[in-house]
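Going left to right, the sequence shown walks through residues 38 to 710 as the working numbering numbers them.
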Amino acid sequence: MKAWIFLTAALLSGAAVAKTPLTIEHLNKLNKVYDVVASPDGRYLVYGQKNGGFAPADSSADLYLMDLQEGNKISRLTFNDDKEHAVTWSKDSSALYFIAGRSGSSQVWRLPVAGGEAQQITDLPIDVDGFLVSADNSKIVLQMAAKPGCETLSCTVEAKQVKAGQQDSAMVYDQLMVRHWDTWADEFRSHIYIADLTGKKVTDAKDLLPEWNTDIAGIKEVSFTPDGKNLVFSAKIPGVDQAWHSNFDIFQVSVKGGEKINLTRDNAAWDAKPSFSSDGRFMAYLAMKKPVYEADRFGLILLDMVTGQRKELAPEWDRSISDYKFGADNRTIYVTAQDTGQHGIFSINTSFGDISKVYADGTANDLNVVGNKLIFTNHSLDKPTDIYQITAETGAPTALTQINKEALADIQFAEFAQFNFPGANDETVHGYWMKPVNYKEGQKYPIAFIVHGGPQGSFGNMFNYRWNAQLWAAQGYGVVMIDFHGSTGYGQAFTDSIARDWGGKPLVDLQKGLAFITEKEKWLDGNNACALGASYGGYMMNWIAGNWPEAFKCLVNHAGLFDMPSFYGSTEELWFPEHDLGGPVWNKDSDYQKFNPAAFVDHWKTPMLVIHGLKDYRVPYAQGLGAFTTLQRKGIESKLVIFPDENHWILKPRNAERWYNEVFDWMKLHTRK
38 MKAWIFLTAA LLSGAAVAKT PLTIEHLNKL NKVYDVVASP DGRYLVYGQK
88 NGGFAPADSS ADLYLMDLQE GNKISRLTFN DDKEHAVTWS KDSSALYFIA
138 GRSGSSQVWR LPVAGGEAQQ ITDLPIDVDG FLVSADNSKI VLQMAAKPGC
188 ETLSCTVEAK QVKAGQQDSA MVYDQLMVRH WDTWADEFRS HIYIADLTGK
238 KVTDAKDLLP EWNTDIAGIK EVSFTPDGKN LVFSAKIPGV DQAWHSNFDI
288 FQVSVKGGEK INLTRDNAAW DAKPSFSSDG RFMAYLAMKK PVYEADRFGL
338 ILLDMVTGQR KELAPEWDRS ISDYKFGADN RTIYVTAQDT GQHGIFSINT
388 SFGDISKVYA DGTANDLNVV GNKLIFTNHS LDKPTDIYQI TAETGAPTAL
438 TQINKEALAD IQFAEFAQFN FPGANDETVH GYWMKPVNYK EGQKYPIAFI
488 VHGGPQGSFG NMFNYRWNAQ LWAAQGYGVV MIDFHGSTGY GQAFTDSIAR
538 DWGGKPLVDL QKGLAFITEK EKWLDGNNAC ALGASYGGYM MNWIAGNWPE
588 AFKCLVNHAG LFDMPSFYGS TEELWFPEHD LGGPVWNKDS DYQKFNPAAF
638 VDHWKTPMLV IHGLKDYRVP YAQGLGAFTT LQRKGIESKL VIFPDENHWI
688 LKPRNAERWY NEVFDWMKLH TRK
């Protein structure tokens with residue numbers, strides 16, 4: 038295979054012929070792609086398209102087929118009102134499998150590519166959440182909710198019927214976790230079921246984990262072994278400690294059931310995403326090394342199924358792998374990883390561990406390997422998601438879709454660029470600026486200073502629907518985003534550096550970054566800025582209010598942590614605060630008081646908008662209410678916006694419109710001259 042040619046990232050947006058800036062109403066109407074999957078023979082590509090209502094003027098969600106050997110011709114495969122999702126191919130590339138609710142519940146369907154109607158494959162009494170079909174099409178693995186201790190599917194069905202007939206509303210627990218993200222836990226767990234495919238509808242299935250009081254990590258982390266006799270999957274070992282450790286292991290179980298063999302017992306940290314090379318020689322998976330930590334570096338481990346040798350590929354490469362795919366030669370693995378503000382594609386040689394950058398401009402996902410081509414989705418700060426391909430001959434990306442061509446024809450996107458500066462400890466810190474759409478040379482513009490959450494995260498070069506920088510640029514703001522110490526994609530030591538230092542180096546980076554960029558880019562008005570952020574970004578708004586109170590005209594705090602001791606007792610994933618803040622809250626050496634925004638409210642004086650979702654169980658709404666109560670009691674100009682039907686994120690389109698408009702109105706009130 039020819040060497041891949043590195044395409045240099047172009048950080049400035051191209052010349053625009055657009056007429057109007059992007060609006061939240063327009064953003065909500067953009068089409069979106071999902072489930073991008075190439076056929077095993079490399080001829081076809083299937084993808085889902087969820088229409089937003091602009092062009093076409095509907096909100097359908099259907100599957101489309103692209104013939105990669107016939108000029109990338111696209112044809113629409115489905116026309117059903119129900120969304121098809123979780124799409125996979127049969128191993129002979131003759132048919133598609135997907136989940137749909139056409140029959141009244143979520144079941145598996147099969148659609149021949151040559152033509153004809155989709156046929157229902159499963160007819161089970163509970164919803165199918167995910168599935169996997171064996172290479173010989175003889176078996177189907179199903180992810181479904183199970184009642185631990187039930188040996189049969191009918192037992193779980195009876196337990197669900199009892200729950201549905203319960204006369205009171207009590208929920209009773211004797212161990213954590215009692216809730217996760219936006220859902221209270223019940224007595225059912227996500228298990229692996231298996232059934233034979235005989236040509237008739239599957240009406241029963243066997244639970245391979247009947248005694249396990251734990252969830253699998255998801256069907257995307259389940260694989261058949263090359264001989265088809267076993268399954269490997271990622272999950273936590275059953276136990277009462279689920280909420281305070283992050284140790285997922287990879288297990289093997291026979292398709293007939295029985296003993297679960299822990300293949301990664303020696304690693305007390307996170308193991309994930311097992312899969313096999315097409316020749317059956319290797320099993321690969323991702324592994325962290327640091328226990329009780331969700332933001333450690335994911336390395337790529339290769340297990341030789343013949344020799345039993347296990348090794349990490351490219352152990353010195355200081356990037357955390359998000360996803361990977363074996364190349365056609367089974368000796369090259371293509372991976373995606375964050376890298377200095379981008380999320381790019383890289384190749385790794387399995388023999389020597391050599392790393393080559395394939396493509397790194399914007400955010401690449403949904404990676405497929407098709408012979409000598411890579412097919413993937415890509416988006417950036419000035420471009421929503423489309424599907425692209427790269428060939429070994431050119432190394433340059435070619436767009437396979439333009440699903441928003443008509444919708445974006447009259448939209449002008451703002452110019453942006455990446456920059457770096459000496460931050461805390463004089464270490465290099467990166468960020469992005471974006472000019473307002475109405476930019477005119479010689480004028481100064483107010484600043485939207487956006488702080489990302491995580492805290493181990495990054496806004497980076499991506500088209501974000503919840504925090505889209507283009508929308509602030511459209512409102513006339515210069516946008517500044519800093520990837521402070523703790524951000525991902527700059528090496529593991531940089532990511533780790535925020536632990537036990539939540540209010541330290543990150544605040545210094547934000548202070549130095551704002552000073553640097555306003556001095557360098559004279560059009561940015563450093564004396565007329567509003568800061569805003571969510572989750573850890575919201576925490577930083579509360580922290581800024583008490584530790585940098587003179588900096589901003591206003592603050593916007595979405596789902597921000599306010600009182601750290603009470604946060605510990607009300608959040609769900611305890612391994613997160615225990616790692617970042619020094620153990621349980623009762624640990625005398627912990628940081629819950631040291632970096633507690635509630636301890637610095639004497640210095641608060643900046644007007645603040647507080648926003649929270651009532652279904653937010655990661656940062657429960659009492660944190661936002663506590664900040665607002667403090668602001669009101671101290672007589673500081675403030676406003677509280679609550680979304681009863683939203684979680685940590687604002688996801689419903691109408692709610693998102695209200696969210697953006699509340700934020701824009703608040704900022705205009707305080708940044709206008």
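All residues carry an ideal CB built from backbone N, CA and C; glycine is no exception.
Going by C-alpha positions, N633 is about 47 angstroms away from V194. For G294 and D244, the gap between their C-alpha atoms comes out near 8 angstroms. For N402, the enclosing beta strand (DSSP E) starts and ends at T400 to V407. Within the same chain, Cβ atoms closer than 7 angstroms to the Cβ of F500 are found at H416, S417, L418, K420, P421 and T422, the five residues on either side in sequence being excluded.
Burial of S627 is indicated by the presence of at least 16 other C-beta atoms within 10 angstroms of its C-beta. Bridge pairing for P434: I427 [DSSP]. Under the three-state reduction of DSSP, E349 is assigned to strand. Straight through space, the alpha carbons of A75 and K128 are spaced by roughly 11 angstroms. Counting along the chain, the unbroken beta strand (DSSP E) around Q86 starts and ends at Y81 to K87.
For the options L133, L82 and F225, the alpha carbon positioned closest to that of K110 is the one of L82. Here H489 is actually not in contact with T377; their C-beta atoms are around 15 angstroms apart, not less than 8 angstroms. Taking C-beta atoms as the reference points, N698 and G650 fail to come closer than 7 angstroms. Here the C-alpha atom of G236 lies approximately 11 angstroms from the C-alpha atom of K176. For K410 and R80, the gap between their C-alpha atoms comes out near 12 angstroms. Measuring C-alpha to C-alpha distances from L569 to each of Y330, A485, Q630 and A506 identifies A485 as the nearest. 7 angstroms or more divides the Cβ of V277 from the Cβ of L268. Exposed is the label assigned to I298, since fewer than 16 other Cβ atoms lie within 10 Å of its Cβ. For F225, DSSP records no beta bridge to any residue.
Secondary structure note for K362: its beta strand (DSSP E) is the uninterrupted segment I358 to F363. For R368, no alpha helix (DSSP H) encloses it, and the DSSP letter there is neither H nor E. The shortest C-alpha to C-alpha distance from P459 to any of T525, P543 and H380 is the one to P543. A straight-line Cα-Cα distance of about 9 angstroms links P263 and R318. Its chain contains G79 and A365 as the residues whose beta carbon lies nearer than 7 angstroms to that of G408, once the 5 sequence neighbours on both sides are disregarded; these appear in chain order. Counting only runs of at least 4 residues, the region 601-679 fully encloses the following alpha helix (DSSP H) elements, listed from N- to C-terminal order: 601-607, 612-617 and 659-670. Counting other Cβ atoms within 10 Å of its Cβ, F285 reaches 16 or more and is therefore classed as buried. Each of A94, F389, V73 and N68 was checked against the Cα of K87, and the nearest Cα belongs to N68. Exposed is the label assigned to P93, since fewer than 16 other Cβ atoms lie within 10 Å of its Cβ. Excluding sequence positions up to five before and after V516, its CB lies within less than 7 angstroms of the CB of W470, M471, A485, I487, A506, W509 and A510, all in the same chain and listed in chain order. The criterion of a C-beta distance shorter than 7 angstroms is not satisfied by F225 and I253. In the displayed model, K243 falls within a strand according to three-state DSSP.
Q455 counts as buried, since at least 16 other C-beta atoms from the protein chains shown sit within 10 angstroms of its C-beta.
A straight-line Cα-Cα distance of about 46 angstroms links Q630 and E296. Boundaries for T708: no beta strand (DSSP E) harbours it, while the alpha helix (DSSP H) harbouring it runs P690 to T708, taken from the DSSP string. Residues of the same chain with a CB within less than 6 angstroms of the CB of N457, apart from the 5 flanking positions on each side, are T465 and H467 in chain order. In this structure, A132 sits away from R113, with a CB-CB distance that is not shorter than 7 angstroms.
Closest in C-alpha terms to N579, from the list H616, W539 and D562, comes W539.
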